[in-house]
Amino acid sequence: MSRVLAPLGRRSVSVASAERVGAYDVLACTDPDGPAPAPGQFYMLAAGARWGGGADERPFLPRAFSVMRAAAGRLEFMLENVGPGTARLGELREGDPLWLTGPFGNGFSAPRDGRRPLLVGGGVGTAPLVSWSDACAGDVAAPARPVALLGFRDAAHAAGAALLPGVRVATDDGSVGHQGPVTDLLLAELGRDAHVEVYSCGPPGMLEAVRALCAEREIPAQLALESGMACGYGACFGCVVPTREGYLRLCVDGPVLDASILDDVTHP
Amino acid sequence: MTFLGLDDPVVNASGTFDAIAARRAFGDALLDSFPFAAFVTKTVTVAPRDGNPAPRLYELPSGLLNSIGLPNKGLDGFLQHDLPQLAELPVPLIVNVMGNAHDEVARLVETVGAREEVTALELNVSCPNVKTGLMFGADPNEVAGLLDAVRGRTGKPLIVKLTPNCASPAAVAAAAEAHGADAVSLINTLRGMAPHPHRPGEPWLGGKTGGVSGPAVRAVALAQVSEVRGRIALPIIGMGGVQCGRHADDLLRAGADLVAVGTESFRDPLAGLRVRKELQDLRPGRSSVSR
C-alpha cells in the first residue's frame with residue numbers, strides 16, 4: 035500500500051475554486067507546502083471560519099475526504115451535502131480559508147500478476163477512483179486509462195460521471211445509462227475479461243456486493259472504505275472496521291483495504 | 080518546576096493521542112516537535128482488548144461522545160511492541176493502567192513500574208471492581224482499598240484519574256491522597272448517550288453509552304478542579320475541553336499543576352504545542368517552550 039507522510043499539524047490554505055457538478059460540489063484548494071498525495075489517501079478538512087455555527091452547533095470535528103485530483107500544489111475534493119460538515123464546506127468560495135491536515139492513510143497499490151485495473155464506484159465514492167485512474171493513465175511503464183464503471187441514484191448525481199473520462203454509468207432510476215446496480219456492469223465486464231484487479235469505492239451496500247462478487251470469482255480487489263472519523267491520524271480509535279485481523283483503524287490501516295481481509299463491509 | 084519536573088505544564092489526556100500511529104502518519108517530524116511535555120499512554124490492561132463494536136463516535140454540539148472500549152494489546156503486547164517505540168519519544172512517559180481486581184492492578188503497577196522507560200503511572204479507576212460491583216473511582220473506600228493494594232508495588236509516582244460520574248470527586252481525591260497517591264488527574268469523560276438517527280429509541284453507539292469530551296465539558300472540569308483543590312494538597316492534572324492557552328490558564332488558576340489537552344488534538348494534531356506557546360505568552364517565565 036502506498037503512503038505519503040503528512041506535514042505535522044494542520045495548515046491554513048485557501049479555496050482555489052468551488053464548482054457545482056450535478057448533485058456534488060468540487061472544492062479545490064491551494065496546498066503549496068504539502069506533498070503530492072498517493073491516490074486513495076485522504077485529508078481532514080474544516081472551514082477556516084464558522085466551523086461550529088451550523089445546525090445543532092455542529093460541525094465540531096474536521097471531516098475526512100479522499101483526494102480526487104492533485105497537481106502542482108492544488109488539491110481537489112468531491113463533496114456531497116449530507117450533514118452540517120459538508121453543508122458548511124459546500125458554502126466555501128474562492129479565497130475562503132480552509133484548515134487542511136494530511137495526506138493520511140494507505141492508498142491504492144498496483145495490480146498484481148499483470149492484471150488490468152478495473153474501477154467500480156458509487157456516488158461520491160467516485161473521488162479516489164479519479165485519482166487512481168489519472169495515476170494509471172500517467173504510468174510511465176504502461177500508460178492506460180482503466181475502464182471505470184460508476185453507479186448513481188439519478189441523473190443529477192450521474193452528472194458526477196463527467197469527473198472521470200470514458201466511464202460507463204448505471205443509475206437506480208434508469209435516467210442515465212444502465213438501469214440497475216453498478217454490479218450489473220461489473221458482471222458484464224468480467225464476462226469479457228476476468229484477468230482484472232478491482233478498485234472500488236462507494237456506499238457500504240455497493241462495496242459489499244463488489245466484494246462478494248469478486249470473492250466468488252477469486253478476483254483481487256482493493257476497497258476504499260469510509261467511516262466516521264474524529265482525527266484522521268490514529269489518535270481517536272473511532273474509525274474501526276471489523277476485519278479478519280481484528281478491528282482496524284481506517285485512518286492508519288486503510289482507508290484502502292485488501293478485500294481478502296474483509297468478511298463483510300456493511301457497517302451498522 | 081512542575082510536577083514530575085516537566086519543562087512546562089501541558090501533557091496529553093490518556094486515549095486522545097497515539098504517538099506510535101502519529102509517527103506513522105507524520106514521520107519523525109513528530110519527535111522534533113512533540114506536542115506535549117510528557118506523554119500519557121492509552122489504558123493498558125492485563126489481557127488484550129478488541130474495544131467496542133462500531134459505531135464508536137458521535138459528534139455533539141461543541142464536543143464528542145465516544146465509546147472506544149479501551150482497545151489495547153494487553154500487558155505483554157504493550158511491553159513487547161509499544162514500550163520500545165514509546166521510549167523513543169523525547170519526553171517522559173506516563174503509562175495509564177486499568178484492572179477490575181486488586182491483584183490485576185497490582186501486577187500492572189509492579190510490572191510497568193519496574194521499567195526504566197516509565198516515569199509515572201496513571202490509574203484508570205473508571206471501571207467496576209468485580210468483587211464489589213462498584214466503580215473504583217466512584218467511591219472513596221474503593222479507591223482507598225485499591226491504593227492500599229498497589230501502592231507498595233512501585234516507588235514511582237501514582238496518579239489517580241478521577242471520574243466525574245460520581246457523587247463527590249473531591250471525596251475520592253481526599254481518599255487517594257490519604258492512601259498514598261502522588262497526584263490526581265481530572266476530569267475523565269462524562270457518561271452520555273446519543274439517539275440512533277434511523278431507529279427511534281435505540282442508542283447510536285455500539286457500546287450503547289459513551290463518554291462526553293471537548294468544549295462541552297470545560298465548565299464541569301473547571302468546577303471540579305477547583306473543588307478538588309479545596310480538599311487536597313497533591314498535584315492536580317486538570318483537563319476537559321482545553322482548546323487554547325487561556326483555557327489551560329483557567330485550569331491552572333483553579334488549582335491544577337499540569338493541564339492536559341485531549342479532544343482538541345483530534346482537530347489539530349499540534350494543539351498541545353499551540354496551547355504550550357499560548358500559555359507561555361500568558362505566563363512569561365513559567366513555561367519554557369521555545370519551539
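Here the protein sequences line up with chains A and B, keeping their order. Residues 35 to 302 (this note's numbering) are what the first sequence spells out, left to right. Residues 80 to 370 (this note's numbering) are what the second sequence spells out, left to right. Ideal Cβ placement from N, Cα and C applies to all residues, glycine included. Only a predicted model underlies this, so the values are computations on that prediction, with no experimental measurement involved.
Looking at the strands, I want to know which residues DSSP matches up with residue i.
i: M214/B; result: P207/B
i: T277/A; result: G280/A
i: V307/B; result: BP columns for V307/B are empty, so no partner.
i: L136/B; result: N145/B
i: D292/A; result: Q256/A
i: R270/B; result: G290/B
i: R362/B; result: Answer is none; R362/B lacks a bridge partner.
i: G156/A; result: G185/A
i: I238/B; result: E201/B, A262/B
i: F76/A; result: S100/A, F138/A
i: S51/A; result: A62/A
i: L12/A; result: Because chain A is modelled from 35 through 302, residue 12/A falls outside the range shown and cannot be assessed.
i: N151/B; result: R128/B
i: N91/B; result: V340/B
i: T205/A; result: F186/A, Q213/A
i: E231/A; result: P151/A
i: W133/A; result: S46/A, A80/A
i: G317/B; result: L265/B, V338/B
i: N220/B; result: In the DSSP output, where bridge partners are listed per residue, N220/B has none listed.
i: L85/B; result: The partner list for L85/B (beta bridge, DSSP) is empty, contrary to what the question assumes.
i: V176/B; result: V123/B, L202/B
Any idea if residue i is buried or exposed, counting beta-carbon neighbours within 10 angstroms, 16 or more meaning buried?
i: L358/B; result: buried
i: H191/A; result: buried
i: R297/B; result: buried
i: P145/A; result: buried
i: V239/B; result: buried
i: E256/B; result: buried
i: Q159/B; result: exposed
i: N220/B; result: exposed
i: E281/B; result: exposed
i: P150/B; result: buried
i: H277/B; result: exposed
i: T135/A; result: buried
i: H258/B; result: buried
i: Q213/A; result: exposed
i: L221/A; result: exposed
i: G178/B; result: buried
i: S369/B; result: Confidence at S369/B is low in this model, with a pLDDT of 43, below 50, so the placement of that residue is unreliable and no value is reported for it.
i: D360/B; result: exposed
i: V116/A; result: exposed
i: A262/B; result: buried
i: S366/B; result: Summary for S366/B: the model assigns pLDDT 49, below 50, so the residue's position carries little reliability; its value from the coordinates is reported in the next sentence. So S366/B counts as buried.
i: P111/B; result: What sits at residue 111/B in the sequence shown is Asp, not Pro. Exposed: under 16 other Cβ atoms inside 10 Å.
Between residue i and residue j, how many whole angstroms is the CB-CB distance? I'm expecting something under 8 Å.
i: G272/A; j: R135/B; result: 5 Å
i: R245/A; j: L224/A; result: Incorrect: roughly 14 Å between the Cβ atoms, too far for contact.
i: R231/A; j: A255/A; result: Residue identity check: residue 231/A is Glu in the sequence provided, not Arg. Confirmed, Cβ separation roughly 7 Å.
i: L172/B; j: L337/B; result: Incorrect: roughly 15 Å between the Cβ atoms, too far for contact.
i: V216/A; j: L183/A; result: 5 Å
i: G153/B; j: T124/B; result: 6 Å
i: G288/A; j: G139/A; result: 6 Å
i: L123/A; j: C63/A; result: Actually they do not touch by this definition, with Cβ atoms about 10 Å apart.
i: W166/A; j: F142/A; result: 5 Å
i: S234/A; j: V154/A; result: 4 Å
i: A189/A; j: V210/A; result: 5 Å
i: A269/A; j: F105/B; result: Actually they do not touch by this definition, with Cβ atoms about 11 Å apart.
i: D59/A; j: L113/A; result: 4 Å
i: P237/A; j: G157/A; result: 6 Å
Does the beta carbon of residue i fall short of 7 Å from some heavy atom of the ligand NAP?
i: G341/B; result: Only the bare structure without any ligand can be found here, which leaves the ligand NAP out of the picture.
Residues of the stretch 259-289 of chain B whose Cβ lies closer than 8 Å to any Cβ of chain A, in chain order:
G285
Please identify, using Cβ separations under 8 Å, the residues of the stretch 86-116 of chain A that lie next to chain B, in order along the chain.
G86, D90, E91, R92, P93, F94, L95, P96
In the stretch 100-122 of chain B, which residues sit with their C-beta less than 7 Å from some C-beta in chain A, listed in chain order?
A100, A101, R103, A104, F105, G106, A108, L109, S112
Does the pairing of the stretch 246-258 of chain B with the stretch 307-324 of chain B give three or more beta-carbon distances under 8 Å?
yes
Check each residue of the stretch 176-206 of chain A: if its Cβ is closer than 7 Å to any Cβ of chain B, include it; give the result in chain order.
none
Kindly confirm or deny that the stretch 317-327 of chain B and the stretch 283-290 of chain B touch, where touching means at least three C-beta pairs closer than 8 Å.
no
Counting Cβ pairs closer than 8 Å, one from the stretch 174-184 of chain B and one from the stretch 210-227 of chain B, do we hit at least three?
yes
Is the stretch 97-104 of chain A touching the stretch 63-83 of chain A in the sense that three or more CB pairs, one from each, lie closer than 8 Å?
At 8 Å Cβ cutoff, the stretches touch.
What are the residues in the stretch 142-159 of chain A lying within 8 Å of chain B by C-beta distance?
Listed by position along the chain: nothing, the set is empty.
Report yes or no: do three or more beta-carbon pairs, one from the stretch 344-352 of chain B and one from the stretch 35-47 of chain A, lie closer than 8 Å?
yes
For the stretch 165-178 of chain B, list every residue whose C-beta sits within 7 Å of some C-beta in chain A, in sequence order.
none
Quick test of the definition: if touching needs 3 or more C-beta pairs under 8 Å, does the stretch 266-274 of chain B touch the stretch 106-116 of chain B?
Contact between the stretch 266-274 of chain B and the stretch 106-116 of chain B is absent, because fewer than three Cβ pairs lie under 8 Å.
Just by C-beta distance, which residues in the stretch 315-347 of chain B are closer than 9 Å to chain A?
T342, S344, F345, R346, D347
Could you list the residues in the stretch 37-49 of chain A with a C-beta less than 9 Å from some C-beta on chain B, going in chain order?
Going along the stretch 37-49 of chain A in chain order, one finds R37, L39, A40, P41, L42, G43, R44 with a Cβ nearer than 9 Å to chain B.
Pull out every residue of the stretch 114-140 of chain A whose Cβ sits closer than 7 Å to any Cβ of chain B, in chain order.
T135, F138
To be precise: take each residue of the stretch 217-231 of chain B, compare its Cβ to all Cβ atoms of chain A, and keep it if any distance is under 9 Å. Which residues remain?
For chain A, none of the residues of the stretch 217-231 of chain B brings a beta carbon within less than 9 Å of one of its beta carbons.
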